[in-house]
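What follows is a set of notes on a single structure, which appears directly below.
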DNA sequence: GCCAACGTTGGC
DNA sequence: GCCAACGTTGGC
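Residue numbers (our numbering): 196 to 350.
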């Protein structure tokens, strides 16, 4: 299957691209996704080698700050079973995990983040999911041309 | 801090 | 299965 592209949102106060850069091997698991649409992307669609844009939400600046690669495909998100974790799901059962995660590895932290403002002003990005009205998905798909444009803007 | 948009929950 | 109430997200 052809390489696909995604965008992950993260609040830098929770987990920033700098935090990712400090992780061993610059890789981490992407836990805490508790939305079914996002879960289905993770569980059913993401494949090793797919590209991931890393976006800082609730931040200054609001921007795509780098890109990553999926290095491990979906497996159960252990935080759903951990009562001490803020993503604990009391309804989740071990035999049939409800929530999944992938592992990502940082490929590049942009020298120039691509801001939300830039994206909104760019006619080529008018269909970008991130800027669609009321879009609250924390994981979404990105087309190849959108990916290429973001990379170009970061240069 | 506000609030629009959206997902989820639960009573009926 | 409808839908009002509620909680959350996230830009502003």
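Built from N, CA and C at the ideal position, the CB exists for glycine as well.
Review point. Ordered along the chain, which non-local residues of its own chain (more than five positions away) have a Cβ less than 8 Å from that of residue 196?
Key: Sequence index remark: in the first chain, residue 196 carries index 1 (1-based). Around residue 196: 242.
**Study point:** CA nearest to the CA of residue 267, picked from 237, 309 and 229
**Key:** Here residue 267 refers to the residue found at position 72 of the first chain. Selected option, being the one with the closest Cα: 237.
**Study point:** Beta-ladder partner(s) of residue 263, from DSSP
**Key:** Against the first chain, residue 263 aligns to sequence position 68. Looking at the DSSP assignment, residue 263 forms a beta bridge with 247 and 301.
Review point. Where does residue 331 fall in DSSP's three states?
Key: Here residue 331 corresponds to residue number 136 of the first chain, with the count starting at 1. Note: residue 331 maps to coil in three-state DSSP.
Point to revise | Helix, strand or coil at residue 307 [DSSP, three-state] | key: Counting from 1 along the first chain, the entry for residue 307 is found at position 112. The answer is strand: DSSP assigns residue 307 an E or B state.
Review point. Does DSSP put residue 340 in a helix, in a strand, or in coil?
Key: Locating residue 340 in the first chain gives position 145, counting from the first residue. Of the three classes helix, strand and coil, the one that applies to residue 340 here is helix, per DSSP.
Review point. Which value, in whole angstroms, describes the spacing of the CA atoms of residue 344 and residue 319?
Key: Looking up residue 344 in the first chain gives position 149. Looking up residue 319 in the first chain gives position 124. About 8 Å.
Check your understanding: Just reading off the alpha helix (DSSP H) that residue 238 is part of, what are its end residues?
Key -> The residue you call residue 238 lines up with position 43 of the first chain. Careful: residue 238 lies outside any alpha helix (DSSP H) and carries neither H nor E.
**Study point:** When 257, 221 and 288 are compared against residue 265, the one with the closest alpha-carbon
**Key:** The sequence position of residue 265 within the first chain is 70, counting from 1. Measuring from the Cα of residue 265, the nearest candidate turns out to be 221.
**Study point:** Three or more C-beta pairs below 8 Å linking the segment 251–259 and the segment 229–236
**Key:** no
**Study point:** CA nearest to the CA of residue 311, picked from 223, 248, 209 and 272
**Key:** Residue mapping note: residue 311 aligns to position 116 of the first chain, counting from 1. Closest option to residue 311, Cα to Cα, is 248.
Practice item. Along the beta strand (DSSP E) that carries residue 204, what are the first and last residues, could you check? Key: To locate residue 204, count along the first chain from 1; it is residue 9. Taken as a continuous stretch (DSSP letters only), the beta strand (DSSP E) holding residue 204 covers 200–205.
**Study point:** residue 308 burial status per 10 Å Cβ neighbour count (16 or more: buried)
**Key:** For the purposes of this step, residue 308 is identified with residue 113 of the first chain, where counting begins at 1. With 16 or more Cβ atoms within 10 Å of its Cβ, residue 308 is classed as buried.
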